[in-house]
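Protein chains in written order, with the numbering used here: chain A, 1 to 369; chain B, 370 to 565.
Notes follow once the structure below has been shown.
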């Protein structure tokens with residue numbers, strides 16, 4: 001039941017699909033006219049599948065983890081931000097790669113920190129300039145060489161240096177780039193201890209913290225210090241930096257807001273960053289050992305064409321997530337994969353918008369005056 | 370029906386259809402238990418086929434259900450199984466690493482976990498190897514379809530989970546089987562050895 005081209009006919013595809021549907025449903029598949037050899041391969045696959053079942057202890061342990069993760073909703077007062085307390089350091093040495101590679105943690109003075117900000121800004125300008133040149137060169141070569149899928153020019157959303165004293169001294173930590181929604185008219189409050197960088201993607205809201213924090217306005221590289229107890233309005237593109245012990249209260253008097261957050265927290269994240277926000281999607285790494293030091297955070301937005309890749313920088317941590325227009329689709333996108341070399345790759349057949357955060361030791365120390 | 374999850378207070382549920390269980394779980398995470406009971410094994414086996422390691426598969430399974438429970442309030446309609454496997458697919462593909470997450474101390478209390486014998490270790494490591502070797506011969510998109518078939522999904526559910534059209538899913542599975550058939554025939558011929 002194939003065409004002359006070797007392609008199966010629609011009828012053959014339908015029959016094979018129906019046969020396999022019956023097989024997985026536990027019914028006796030009717031194979032008449034279904035391309036029996038292929039149906040037989042399907043049966044053989046199922047017969048050969050001796051993948052083990054989930055053992056009872058693991059099943060119970062996972063259920064505990066699920067309940068632990070949902071603890072705030074299960075009962076008031078029973079939840080701690082460290083519900084999955086780290087009882088032992090991660091054993092896998094590969095996972096103990098330092099979050100930042102600065103080997104000599106030390107306090108950063110204000111002038112040095114300002115210099116770091118300026119250096120970061122300079123790096124961004126150089127990066128964008130180089131990207132433009134590469135883009136131009138690619139366009140000029142288009143008429144001469146076959147087109148190779150390449151990513152569009154990354155757009156810098158935020159480039160900031162996180163002060164060294166913002167970093168905790170935890171033995172083992174986890175980090176996540178996450179997408180949250182903040183419903184219209186809602187209020188929220190920080191719910192876990194985490195070093196946070198929050199970027200408003202859409203909407204606006206106000207925030208007040210019980211400790212000092214910093215704000216970077218949209219398109220800016222300069223940092224505003226926000227004194228304790230000051231209410232600050234955040235709009236699209238604005239970013240908030242807050243050290244781990246800072247508790248923030250949020251009020252959204254406008255429409256639905258959406259945020260991207262980068263956070264560093266103890267072990268596994270077992271709750272939303274803020275009670276009142278809705279978690280939509282996230283990319284998390286666990287088993288990291290934070291090493292205090294001024295750290296450069298670079299958040300980029302990129303549109304990846306099908307089959308194109310976005311490289312992973314050396315000596316840096318990179319997290320990413322696909323941005324879907326509809327928040328409802330946030331958890332069902334599967335097109336983004338990571339190659340063995342660490343690069344991001346679009347496996348799908350349509351372009352995807354991807355947010356990528358890169359975290360690395362601030363490279364500016366040698367540029368300090 | 371009383372469903373007991375080892376080491377925990379009993380979780381009581383009444384015989385409800387899946388939609389009603391989901392609606393309950395959207396309001397109370399404890400009501401998620403019957404859904405976890407139903408899908409824990411298929412999700413774990415799916416992750417095991419993808420990752421090839423029991424511990425990594427267990428970690429990924431945990432992540433899948435935690436993500437699912439977090440996203441459950443936004444679940445509206447369609448096949449719950451498709452939705453759950455879409456999260457599983459996304460979780461594995463997007464790189465929840467094979468990290469062995471630290472086991473909460475409390476989780477180890479009350480669970481006898483005798484060390485397996487060498488024979489059991491061997492069998493555990495070997496289980497699923499053949500199927501993974503077969504799947505490894507397929508391109509990624511075809512493999513994804515077959516993996517979801519092995520997890521018990523219908524063609525329509527697979528299309529929904531992978532964000533493909535039903536027709537595309539049919540075509541991918543046909544191509545996958547054609548390729549596997551060729552591979553199996555080649556392997557059989559090689560096992561038979563050269564003929565004079």
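Backbone N, C-alpha and C fix where the C-beta goes; we use that ideal spot for every residue, glycine too.
By the C-beta criterion, the segment 547 to 559 of chain B is judged not to be in contact with the segment 46 to 64 of chain A, since fewer than 3 inter-stretch pairs fall below 8 Å. Secondary structure note for residue 552/B: it is in no beta strand (DSSP E), and the uninterrupted alpha helix (DSSP H) holding it is 535 to 561.
Within chain A, not a single residue places a beta-carbon under 8 Å from that of residue 560/B; the smallest gap is close to 15 Å. Residue pairing of residue 231/A in beta bridges, as defined by DSSP: 208/A. Taking a C-beta distance under 8 Å as the contact criterion, residue 257/A and residue 204/A qualify as a contact pair.
Going by DSSP, residue 258/A is part of the beta strand (DSSP E) stretching over 257 to 266.
Distance from the CA atom of residue 252/A to the CA atom of residue 259/A, rounded to whole angstroms, is 12 Å. Runs of the beta strand (DSSP E) lying entirely within the segment 180 to 205 of chain A, each at least 3 residues long, are 187 to 190 and 194 to 202 in chain order. Between residue 162/A and the set 299/A, 45/A, 247/A and 351/A, the nearest pair of CA atoms involves 299/A. Its Cα nearest to that of residue 160/A, the residue 238/A stands out among 284/A, 238/A, 168/A and 275/A. Distance from the CA atom of residue 539/B to the CA atom of residue 511/B, rounded to whole angstroms, is 10 Å. Looking at the DSSP output, residue 352/A bridges to 304/A. A check of alpha carbon separations from residue 543/B across 18/A, 318/A and 326/A identifies 18/A as the nearest.
Within the model, the alpha-carbon separation for residue 282/A versus residue 262/A is close to 10 Å. Taking a C-beta distance under 8 Å as the contact criterion, residue 206/A and residue 169/A do not qualify as a contact pair. It is roughly 38 Å from the alpha-carbon of residue 157/A to the alpha-carbon of residue 401/B. Residue pairing by DSSP puts residue 282/A in a beta bridge opposite 178/A. In the structure shown, residue 161/A falls within a strand segment according to DSSP collapsed to helix, strand and coil.
Put simply, the CB of residue 279/A is near chain B, with a gap under 8 Å to one of its CB atoms.
Put simply, of 59/A, 48/A and 14/A the residue whose alpha carbon is nearest the alpha carbon of residue 502/B is 48/A. In the three-state scheme derived from DSSP, where H, G and I count as helix and E and B as strand, residue 345/A is classed as strand. Counting only the Cα atoms, residue 527/B lies some 32 Å from residue 174/A. The beta carbon of residue 49/A falls within 8 Å of a beta carbon belonging to chain B, placing the residue at that interface.
Only those residues of the segment 387 to 403 of chain B whose C-beta falls short of 8 Å from the nearest C-beta of chain A are listed: 397, 398, 399, 401 and 402.
Remark: C-beta atoms of residue 519/B and residue 530/B do not approach each other more closely than 8 Å. Nearest C-alpha to residue 248/A among 43/A, 41/A and 277/A: 277/A.
With its beta carbon less than 8 Å from one in chain B, residue 16/A belongs to the interface. Excluding sequence positions up to five before and after residue 208/A, its CB lies within less than 6 Å of the CB of 231 and 249, all in the same chain and listed in chain order. At a cut-off of 8 Å between beta carbons, residue 46/A contacts chain B. For the options 180/A, 64/A, 243/A and 293/A, the alpha carbon positioned closest to that of residue 164/A is the one of 293/A. Contact of residue 21/A with chain B is assigned, a C-beta pair being separated by under 8 Å.
Note on geometry: alpha-carbon atoms of residue 421/B and residue 460/B lie some 15 Å from one another.
Here residue 418/B is near residue 497/B, since their CB atoms are less than 8 Å apart. Counting C-beta pairs with one atom in each stretch, the segment 218 to 231 of chain A and the segment 311 to 326 of chain A have fewer than three that are closer than 8 Å, which means they do not touch.
Residue-level contact by beta carbon holds for residue 62/A and chain B, with a gap shorter than 8 Å. Spanning the alpha carbons of residue 223/A and residue 190/A requires a straight line of approximately 22 Å.
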